[in-house]
Amino acid sequence: MSGTEIADLLDAVQFDANGLVPVIAQAKDGGEVLMMAWMNRDAVAETLTTGRVCYWSRSRQSLWRKGETSGQVQHLIELRLDCDGDCLLAVVEQEGVACHTGRRSCFFNRAATDKGTWDITSEPLISPQDLYKHGASH
């Protein structure tokens, strides 16, 4: 994909006042929602160029190449833009787990409306300590 083609794609994205757009990562196999994160223009461009998903870390104020410290890489299958142009869907092939808690998905808390609590729906597949032996939490 050429720089001009990437620029054309980026021009269609409605970034917010902070230059960010929300991104939902969805597993290619089965369609499970894995996580939600943010991208800026550079992260979208890098993702489209390399095929490896890159986000923007709001806490670190830097590019966050998914799996760089954990090895839990997301390979881009396709990137979709919603009807308003202000949200992206990244269909990915996930290596390992997506969540920094060691779970496949970040969406493991389900509202138990009859109790007014959040029920945990899945256990970690790997401990966060083992997941991040060499780096930050995400």
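Under the UniProt record's numbering, the first residue of the sequence shown carries the number 1, and numbering increases by one thereafter. C-beta atoms are modelled at their ideal positions from N, C-alpha and C, and glycine is treated no differently. Predicted model only: the values in this text are computed from it and were never measured.
Same chain, Cβ closer than 6 Å to residue i, five either side skipped, listed in chain order
i	result
His138	Low per-residue confidence applies at His138: pLDDT is 49, beneath 50, and the placement is therefore not dependable, though the value from the model is reported in the following sentence. Contacts found: His100.
Arg65	Cys54
Exposed unless 16 or more other CB atoms sit within 10 angstroms - verdict on residue i
i	result
Ala90	buried
Thr47	buried
Met35	buried
Met39	buried
Between the CA atoms of residue j and residue i - distance to the nearest angstrom
i	j	result
Asp11	Ser57	22 Å
Gly71	Glu95	8 Å
Glu93	Gly51	10 Å
Ala45	Ser127	32 Å
Ala27	Gly67	15 Å
Residue nearest to residue i in terms of C-alpha spacing, selected from the options
i	options	result
Ala43	Val33, Val23 and Ala27	Val23
Where residue i sits in the DSSP three-state scheme
i	result
Pro128	helix
Any non-hydrogen atom of the ligand MG closer than 7 Å to residue i Cβ
i	result
Thr69	With respect to the ligand MG, the structure offers nothing, as it holds no ligand at all.
Interface flag, residue i vs chain D, CB-CB below 8 Å
i	result
Ser57	Chain labels in this structure do not include chain D; a single protein chain is all it has.
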